[in-house]
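I have placed the structure first, in the form of structure tokens, so that the comments after it can refer back to it.
Residue numbers (the working numbering): 222 to 574.
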């Protein structure tokens, strides 16, 4: 199941534009569920612009017309009631929805509401999240990106929709295949919606959930989670693991936790660790393989027996991937996509007869 989660404000058309762009992907993507996170004012705009029957649209709503135009099945493009950003009102003792997001307290309330909405989707491993940051206040988009970075998964997406001029400023534009009623600009020029060009941009993010396995459980509030992860990252940056390679027994010890490792991987890991210690780190794995062959010829007698005298880039990559899989639950493992390693101390015992 796929859910589009959109932060919205005064221009709900970003939702229909995003859905149209998703439908034109290969393969086409039509979310089953659509979630809006907004304010009182934003919810009113949603109702007025997307869910109110319009004479120029044959007495149908924009939403109904869009679903038909995009070929949505009965279970697709089902819109939830808007999730209103609210704050605890001391006077009434109740949660009070916000009209706008201006003050620091408003931003705090928005952060928690957006975080909660994201968590409701990503906690289910069978649900994919597409998070649209195109609407609402800029702070709302920034908070949504932060929330997905914290608790989203690599299979989730963050998107922004870009509409080419002049359609980006024309009122009553929602998607290119809407009823072909001319759109009139502020200077009186008319345009056909079918001529509109829009583009969907995927925004990169780092899925920190891969690093913090505890995020598979209920993470609590946005700000508490932020503080907790910042503390863990500071601890990580200050902590140094102890790594020892014993070529005689073909073992690797990380903070005294011992692993049996095949000899080819031990040799490559030894080389990578020495490069980091000397701060002469190869720029890529092809260069690393070439330098490793020279290093290997010089140090071979100290290493556990290896059934090869030369290694290429694919050998290098294969052995590092093997080590990452082997050390998946260890206190340390080789970094991905870089030869620069997290802080460590390194010692080794040579192979002796």
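The C-beta atom is built at its ideal place from N, Cα and C for all residues, glycine as well.
Taking all protein chains in view, the Cβ of residue 322 is crowded by 16 or more other Cβ atoms within 10 Å, so the residue is classified as buried.
Judged by DSSP in its simplified three-state form, residue 341 adopts helix.
Assignment of residue 508 by DSSP, reduced to helix, strand and coil, places it in the helix class. Judged by DSSP secondary structure, residue 369 falls within the alpha helix (DSSP H) whose first and last residues are 359 to 372.
Taking residue 253 as reference, the option from 476, 301 and 517 with the minimal CA-CA separation is 301. Under a 10 Å Cβ-count criterion, residue 402 is classified as exposed, with fewer than 16 other Cβ atoms of the shown protein chains found around its own Cβ.
Beta-bridge pairing by DSSP links residue 256 to 226. Partner residues in a beta bridge of residue 243, as assigned by DSSP, do not exist. Taking a cut-off of 8 Å for Cβ pairs, the region 536 to 548 and the region 438 to 454 do not touch, as fewer than three such pairs fall below it. In this structure, the beta-carbon distance from residue 283 to residue 395 falls below 7 Å. Proximity to residue 523 across 571, 504 and 312 peaks at 571, based on C-alpha coordinates.
For the options 463, 228, 551 and 234, the alpha carbon positioned closest to that of residue 339 is the one of 228.
Here the region 415 to 435 makes no contact with the region 304 to 320; the two share fewer than three CB pairs at distances below 8 Å. Annotated three-state conformation of residue 335 is helix, per DSSP. The Cβ atoms of residue 233 and residue 267 lie closer than 7 Å to each other. By the criterion of at least three beta-carbon pairs nearer than 8 Å, the region 461 to 472 is not in contact with the region 374 to 391. Counting of Cβ neighbours within 10 angstroms places residue 224 among the buried residues, the total reaching 16 or more. Listed in chain order, the non-local C-beta contacts of residue 477 below 6 Å within the same chain number zero, local neighbours out to five positions each way being set aside. The C-alpha of residue 537 lies about 35 Å from the C-alpha of residue 366.
The beta carbon of residue 573 sits closer than 7 Å to the beta carbons of 469 from its chain, once the five residues preceding and following it are set aside; these are given in chain order.
The C-beta distance from residue 298 to residue 240 rounds to 7 Å, short enough to fall under 8 Å. Taking the Cα positions, residue 449 is about 29 Å away from residue 381. Rounded to whole angstroms, the gap between the alpha carbons of residue 246 and residue 485 is 44 Å.
Taken through DSSP and simplified to helix, strand or coil, residue 313 comes out as coil. With a 10 Å radius around the Cβ and a threshold of 16 neighbouring Cβ atoms, residue 559 comes out exposed. Under the three-state reduction of DSSP, residue 262 is assigned to helix.
The count of Cβ pairs closer than 8 Å, one atom from the region 335 to 354 and one from the region 367 to 374, reaches three, so the stretches are in contact. At the C-beta level, residue 374 and residue 428 come within 7 Å of one another.
Contact check for residue 352 and residue 226: beta-carbon distance about 5 Å, within the 8 Å limit, so the pair qualifies. Counting only the Cα atoms, residue 348 lies some 13 Å from residue 255.
For residue 283, the enclosing alpha helix (DSSP H) stretches over residues 283 to 290.
Rounded to whole angstroms, the separation of the alpha carbons of residue 493 and residue 506 is 11 Å. Per DSSP, residue 489 is one residue of the alpha helix (DSSP H) stretching across 484 to 499. With contacts defined as CB atoms closer than 7 Å, residue 414 and residue 397 qualify as a contacting pair.
In the DSSP assignment, residue 378 falls within the beta strand (DSSP E) that extends over 378 to 384. Taking each of 360, 314 and 354 in turn and checking the Cα distance to residue 330, the smallest one comes out for 360.
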